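For the sequence shown, position 158 matches number 158 in full-length UniProt numbering, and the numbering has no gaps at all.
Here the structure is laid out as structure tokens; the discussion comes afterwards.
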Amino acid sequence: MIKRTELRKLARARLKDAQLLFAVKRYDAATYLSGYAIEMALKARICQTLGWTGFPQTNKEFIRLSCEITEKSLKSKRFQKLYDINPNDFCDVYERYFQNPRFLKVHDLVTLLKFSGIADKIKADCSTEWIYVSDEWTPENRYRKMGSETKHTAKTMLDAIEKLLGVIL
Numbered sequence: 001m002i003k004r005t006e007l008r009k010l011a012r013a014r015l016k017d018a019q020l021l022f023a024v025k026r027y028d029a030a031t032y033l034s035g036y037a038i039e040m041a042l043k044a045r046i047c048q049t050l051g052w053t054g055f056p057q058t059n060k061e062f063i064r065l066s067c068e069i070t071e072k073s074l075k076s077k078r079f080q081k082l083y084d085i086n087p088n089d090f091c092d093v094y095e096r097y098f099q100n101p102r103f104l105k106v107h108d109l110v111t112l113l114k115f116s117g118i119a120d121k122i123k124a125d126c127s128t129e130w131i132y133v134s135d136e137w138t139p140e141n142r143y144r145k146m147g148s149e150t151k152h153t154a155k156t157m158l159d160a161i162e163k164l165l166g167v168i169l
């Protein structure tokens with residue numbers, strides 16, 4: 001398990017790394033790396049929302065966690081928090097969990113946001129930034145042709161991620 005506090009540190013460090021890459025005109029790398037800052041921040045927030053001390057990293061840890069999370073525990077207070085925040089997101093997460101307990105082992109920002117418990121806050125406080133980042137970032141960006149990102153698009157991404165981190169963390 002990676003500790004929640006470590007995920008927060010890594011999120012901030014990835015943004016800082018991306019900003020350094022931007023400063024030396026490595027726009028593709030800056031944009032690609034910056035997305036991981038959001039992913040790590042959301043995983044830290046999931047831990048906070050659900051009262052977990054850390055986020056599973058390996059299949060073995062996901063399996064162990066899935067054995068601990070039963071239908072009964074999904075109806076417990078810690079999961080009730082998520083339901084109270086957004087019942088529709090909770091129902092989606094609940095259904096997906098029972099189809100595949102490792103569904104959170106993803107880079108999909110939309111899925112992670114749903115389980116973080118702060119989707120409504122993100123949409124209220126920084127909807128434009130969220131839409132931009134969630135539409136533009138994917139781990140597959142690492143395969144983009146060099147020079148795909150301009151200074152402007154990279155700056156837009158970094159600014160959006162910086163604002164989002166302020167809300168998530």
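The beta carbon of each residue, even a glycine, is placed where N, CA and C say it ideally should be.
Quantities reported herein were computed from a predicted structural model and do not represent experimental measurements.
DSSP bridge partner residues for PHE55 (one or two, in chain order): ILE2
Exposure of VAL133, with buried meaning 16 or more beta-carbon neighbours within 10 Å: buried
Buried or exposed (CB count within 10 angstroms, at least 16 for buried), ARG64: exposed
Same chain, Cβ closer than 7 Å to LEU158, neighbours up to 5 away in sequence not counted: ALA18, GLN19, PHE22, ALA30 and SER34
Contacting residues, own chain, Cβ-Cβ under 6 Å from GLU136 (five flanking each side not counted): none
Coarse secondary structure for ASP108, derived from DSSP in three states: coil
Cβ-based neighbour list, GLU140, same chain, cut-off 6 Å, excluding 5 preceding and 5 following: none
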